[in-house]
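Please read the structure below before turning to the comments.
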């Protein structure tokens, strides 16, 4: 949803977008993607790139989590109404506008590469191609990972279970699957590398390590230069 700029004389127009809480609401602590901002009151974050974003706002001991999509550079995007008086600013109070860090913005873009492509297709290209449809499991894997591990209260155990199931499905691929869509598995390895690089290989239990190691061996045995490289990379990622 597009929003009018706040009335506090803020000047955050430019190439990057600004994400705002609903007018009159502030957060005691706010996390946007990989950046955490505290103490409040915080009304939003500037310097946000185009694409999908995850925002968590804390009021007292309660966190409120939302996904949103920034459609274009220079946009002002608001969260849905959070529906709690605890997030209301006092009369005349103005929350600060924090600024996203460039390094984390770049890292977040890598972690949501397939989510961003899915959002672009749904918004601009109805009737995706077969190649686009095959990337949908990777978009789902990215979202489950981020919901599971990066929510700032206690994570999301159901999302972590979904992520583990998705990894297991990818790890179960064999030679015929690789031959049908080699690009999918090359990208899957890149997704896994980014995710494990963020949280560490200890999040992979023995069963997942076994499945992904088998996939690495299948990739190397394929004989395709790109698949072999991906297999070697995956073998390095899952080795503990």
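Numbering (this note's numbering), first residue to last: 6 to 245.
Glycine included, each C-beta is placed from N, C-alpha and C at the ideal position.
Here the structure is a predicted model, which means the values were calculated and not measured.
Who are the near neighbours of residue 21 in its chain, counting only those whose CB is closer than 7 Å to its CB and skipping five residues on each side?
If we look at residue 21 and ignore the five residues flanking it on each side, its Cβ neighbours are 51, 52, 53, 54, 78.
Taking residue 28 as the reference, give the member of 81, 36, 76 with the closest Cα.
Residue 81 is the option with its Cα nearest to residue 28.
Tell me whether residue 180 is buried or exposed, calling it buried when 16 or more other Cβ atoms sit within 10 Å of its Cβ.
Exposed: under 16 other Cβ atoms inside 10 Å.
Residue 76 versus residue 56: straight-line alpha-carbon distance, rounded:
For residue 76 and residue 56, the gap between their C-alpha atoms comes out near 6 Å.
Take residue 198 as the anchor and find which of 146, 164, 25 has the nearest alpha-carbon.
Selected option, being the one with the closest Cα: 146.
If we count Cβ pairs, one from each stretch, closer than 8 Å, do we get three or more for the segment 59 to 69 versus the segment 35 to 43?
Between the segment 59 to 69 and the segment 35 to 43, the count of C-beta pairs closer than 8 Å reaches three or more; the two stretches touch.
Where the beta strand (DSSP E) through residue 61 begins and ends:
Per DSSP, residue 61 is one residue of the beta strand (DSSP E) stretching across 56 to 64.
Residue burial classification, residue 172 (beta-carbon count within 10 angstroms, cutoff 16):
With 16 or more neighbouring CB atoms inside 10 Å of its own CB, residue 172 falls in the buried class.
Among all the DSSP beta bridges, which residues are the ones paired with residue 75?
Beta-bridge pairing links residue 75 to 56.
Are residue 167 and residue 193 close, meaning C-beta to C-beta below 7 Å?
Not a contact, by the Cβ cut-off of 7 Å.
My output table needs one value for residue 205: the three-state DSSP class, helix, strand or coil.
It is coil, neither helix nor strand.
Residues bridged to residue 49 (per DSSP):
Answer by DSSP bridge pairing, in chain order: 25, 102.
What's the gap between the Cα of residue 200 and the Cα of residue 143?
Rounded to the nearest angstrom, the two C-alpha atoms are 12 Å apart.
Buried or exposed: where does residue 230 fall if 16 or more other Cβ atoms within 10 Å of its Cβ makes it buried?
By the neighbour-count definition (other C-beta atoms within 10 Å, threshold 16), residue 230 is an exposed residue.
May I ask you to report which of helix, strand or coil DSSP gives residue 109?
In this structure, DSSP gives residue 109 a helical state, which the three-state scheme calls helix.
Leaving out the 5 sequence neighbours to the left and right, which residues in its chain are closer than 7 Å to residue 161 when beta-carbon positions are compared?
Correct list, in chain order: 152, 153.
Roughly how many whole angstroms lie between the Cα atoms of residue 105 and residue 47?
Taking the straight line joining both Cα atoms gives about 13 Å.
Please check the pair residue 212 and residue 236, which I expect to be a contact at CB under 8 Å, by giving their CB distance rounded to whole angstroms.
Contact flag wrong, Cβ pair sits at about 19 Å.
For residue 194, which beta-bridge partners are listed by DSSP?
Beta-bridge pairing links residue 194 to no other residue.
Burial state of residue 103 (16 or more Cβ within 10 Å)
Of the other Cβ atoms in all chains shown, 16 or more fall within 10 Å of the Cβ of residue 103; this residue is therefore buried.
Might you give, ordered along the chain, the residues of its own chain that have their beta carbon closer than 8 Å to the beta carbon of residue 131, omitting 5 neighbours on each side?
The predicted position of residue 131 is uncertain, since its pLDDT is 40 and thus under 50; no value can be drawn from it.
Cα-Cα separation between residue 124 and residue 58, rounded to whole angstroms:
Cα to Cα, residue 124 sits roughly 11 Å from residue 58.
In angstroms with no decimal places, state the Cα-to-Cα distance between residue 183 and residue 176.
Approximately 11 Å between the Cα atoms of the pair.
C-beta contact flag for residue 49 and residue 73 at 7 Å:
With a cutoff of 7 Å on beta-carbon distance, residue 49 and residue 73 are scored as not near each other.
Given this structure, state the Cα-to-Cα distance separating residue 40 from residue 239, to the nearest angstrom.
Rounded to the nearest angstrom, the two C-alpha atoms are 28 Å apart.
Comparing alpha-carbon positions, which option in 156, 165, 219, 242 lies nearest residue 205?
Among 156, 165, 219, 242, the Cα nearest to that of residue 205 is on 242.
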